[in-house]
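Residue numbers (full-length UniProt numbering): 1 to 74.
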């Protein structure tokens, strides 16, 4: 039977095992670097999405203005 532990328990066991192997600090540093890079990438993607959404909103407003102007002229 497989016993399922909490994420915190597994994290602690991994840290203990890494320390036992002598790679704890290096592995932790690599993980922190990857997490930092992932946060930066996520921020960049969110900024790009916001910029695209703002552009889409502006384009939509311009289309609506053009449509209304054309209707008034007709």
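A virtual CB, placed ideally from N, CA and C, is assigned to each residue, including glycine.
Looking at 41, 15 and 40, the one whose alpha-carbon comes closest to that of residue 29 is 15. Contact annotation, residue 18 with residue 27: C-beta distance approximately 5 Å; criterion of less than 8 Å satisfied.
Counting along the chain, residue 6 sits inside no alpha helix (DSSP H), nor does DSSP assign it H or E at all. For residue 31, the three-state secondary structure derived from DSSP is helix.
Linking residue 45 to residue 37 through their CA atoms gives a straight-line distance of about 12 Å. Leaving aside the five residues that flank residue 24 on each side, the residues in its chain whose CB is nearer than 7 Å to its CB run, in chain order, 15 and 18.
Each residue's CA atom was taken as its position, placing residue 66 and residue 42 some 36 Å apart.
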